[in-house]
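Start counting the sequence shown at 283; every next residue gets the next number (this note's numbering).
Quick reminder that beta carbons are idealized off the backbone N, C-alpha and C, glycines included.
Predicted model only: the values in this text are computed from it and were never measured.
Step one of this worksheet: look at the structure below.
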Amino acid sequence: MRNLQGRLDLCSVNTATLGHREPLSITIDRIAAAGFGGIAPWRHEVENANVTDVARQIRALGLSVTGYCRSTYLPATSQAQFAANIEANKAALRDAAILKARAFVMVVGGLPEGSRDLDGARAQVIDGIGELLETARGCGVPLALEPLHPMYAADRAVLNTLAQALDICAELDPGHEGHLGVAVDVYHCWWDPALRASIARAGQDDRLLAFHVCDWLRDTRDLLLDRGMMGDGVVDLPDIRRSVEQAGYDGLVEVEIFSKENWWRRDPGEVLRMCADRLQTVC
Numbered sequence: 283m284r285n286l287q288g289r290l291d292l293c294s295v296n297t298a299t300l301g302h303r304e305p306l307s308i309t310i311d312r313i314a315a316a317g318f319g320g321i322a323p324w325r326h327e328v329e330n331a332n333v334t335d336v337a338r339q340i341r342a343l344g345l346s347v348t349g350y351c352r353s354t355y356l357p358a359t360s361q362a363q364f365a366a367n368i369e370a371n372k373a374a375l376r377d378a379a380i381l382k383a384r385a386f387v388m389v390v391g392g393l394p395e396g397s398r399d400l401d402g403a404r405a406q407v408i409d410g411i412g413e414l415l416e417t418a419r420g421c422g423v424p425l426a427l428e429p430l431h432p433m434y435a436a437d438r439a440v441l442n443t444l445a446q447a448l449d450i451c452a453e454l455d456p457g458h459e460g461h462l463g464v465a466v467d468v469y470h471c472w473w474d475p476a477l478r479a480s481i482a483r484a485g486q487d488d489r490l491l492a493f494h495v496c497d498w499l500r501d502t503r504d505l506l507l508d509r510g511m512m513g514d515g516v517v518d519l520p521d522i523r524r525s526v527e528q529a530g531y532d533g534l535v536e537v538e539i540f541s542k543e544n545w546w547r548r549d550p551g552e553v554l555r556m557c558a559d560r561l562q563t564v565c
């Protein structure tokens, strides 16, 4: 396992960690000045700016884009809406290419409004990823399928385990032609009894595209917006990182924390300092 002490160049900050409270240009400057090697911006930030200017600023500061967050949800109640979702994702992939993102993060979506058809939603997800794969290859930006915790199956993601994501990869890219893999986010997968076996499989299949860290608070108050700072919860972060890196992952370790009532209320400089400290001491 790599030693992160004194190696913030091996670490990245997802801009959600700072709560989207400042213009993206300021956030980019902050992350670079704090010594991190990478950044993962969100679409609404980039789309509210100029993607070419954003890309230029990021490169000028020596940052890499570890991921572009996130996909438009895929499942829909009509074919027209499904097609619109596909087109929105294709446009985002083109922006990801301008940013030179290492991956386009796919949070695939939950059940369409009013639906109870879980199998149907999952079938739409597979169809949608299949339609996006050619665009991803053309743009040179891999699709990183990010399984979300099962508590989000209704509204955010019917993709809920790493094994499930890898099965989709195997179905759509059996020849390992590239540009399709997974994002391992500890918040969503730390509980999974098959996690280590799935990480090993992802490594064998060369599917590991991103690794996200935060912590799961024992007494979490909000299942979406109360993620913990690394070391404040119950996740064995070094053990999971060891598994990911032993499986062959050599990309950046990305901090992604949604924390409406705690970290998003603090000074952004303080948050970045704490991220830097915890990455080097408890991850």
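TODO: Check each candidate in I411, R524 and E304 and name the one with the smallest Cα separation from A482.
DONE: R524
Task: C351 vs A322 beta-carbon contact at 8 Å - done: yes
Task: Given 8 Å, three or more beta-carbon pairs between the region 295-313 and the region 332-348 - done: yes
- [ ] Starting from I539, follow the beta strand (DSSP E) in both directions and report where the run begins and ends.
- [x] I539 -> no beta strand (DSSP E), and no H or E assigned at all.
Open item on the list: As a quick exercise: from Q287, V336, M283 and P424, pick the residue whose alpha carbon is nearest that of S577.
Closed with: It is not possible to answer for residue 577, since the shown part of the chain is limited to 283 through 565.
TODO: Count the other C-beta atoms from every protein chain shown that fall within 10 angstroms of the C-beta of N367, then say buried if there are 16 or more, exposed otherwise.
DONE: buried
Task: Distance between E536 and I522 (C-alpha atoms, nearest Å) - done: 14 Å
- [ ] Determine contact between the region 456-474 and the region 494-502, defined as no fewer than three beta-carbon pairs at a distance below 8 Å.
- [x] yes
TODO: Flag this pair as yes or no: are the beta carbons of R500 and V516 separated by less than 8 Å?
DONE: yes
Open item on the list: Could you tell me the alpha carbon to alpha carbon distance between C565 and A362, rounded to whole angstroms?
Closed with: 44 Å
- [ ] Return the first residue and the last residue of the beta strand (DSSP E) that D467 is part of.
- [x] L462 to D467
TODO: Classify G320 as helix, strand or coil using the three-state DSSP reduction.
DONE: strand
Task: Best match in G396, G412, A337 and T359 for proximity to R376 [C-alpha to C-alpha] - done: A337
- [ ] Have a look at L290 and G396 and give me their C-alpha separation to the nearest angstrom.
- [x] 45 Å
Task: Simplified DSSP assignment, three categories, for C565 - done: coil
Task: Extent of the continuous alpha helix (DSSP H) to which C451 belongs - done: L444 to L454
Task: Residue interval of the beta strand (DSSP E) (run including H494) - done: L490 to V495
- [ ] Could you tell me the distance, in whole angstroms, from the CA atom of I310 to the CA atom of F318?
- [x] 10 Å
Open item on the list: Just verifying my parser: in three-state terms, what is the DSSP assignment at D508?
Closed with: strand
TODO: Below 6 Å CB to CB, which residues in the same chain sit around L507 once its five sequence neighbours on both sides are set aside?
DONE: F540 and K542
Task: Range covered by the beta strand (DSSP E) that runs through C293 - done: C293 to N296
Task: W545 versus G301, Y531, A403 and T359, residue with shortest Cα-Cα distance - done: G301
Task: T334, buried or exposed, once every other Cβ within 10 Å from all chains shown has been counted against 16 - done: exposed
Task: Three-state secondary structure assigned by DSSP to L356 - done: coil
TODO: Evaluate R547 with the Cβ neighbour count: other Cβ atoms within 10 Å of its Cβ, from every protein chain shown; 16 or more gives buried, anything less gives exposed.
DONE: exposed
- [ ] Could you check the C-alpha separation between T621 and V387 for me, to the nearest Å?
- [x] The displayed coordinates of the chain run from 283 to 565. Any statement about residue 621 would go beyond what the structure contains.
- [ ] Excluding the 5 residues preceding and the 5 following L561 in the sequence, name in chain order all residues of the same chain whose CB lies nearer than 8 Å to its CB.
- [x] L286, L290, C293, V495, M512, V535 and V537
Task: N- and C-terminal bounds of the alpha helix (DSSP H) containing L243 - done: One cannot answer for residue 243 here, as it falls past the ends of the chain, which runs 283 to 565.
TODO: Determine the closest residue to G420 out of P305, K382 and R303, with distance taken between C-alpha atoms.
DONE: K382
Open item on the list: Let me check understanding here. Comparing Cα to Cα, which of W498, D518, L519 and P520 lies closest to G510?
Closed with: W498
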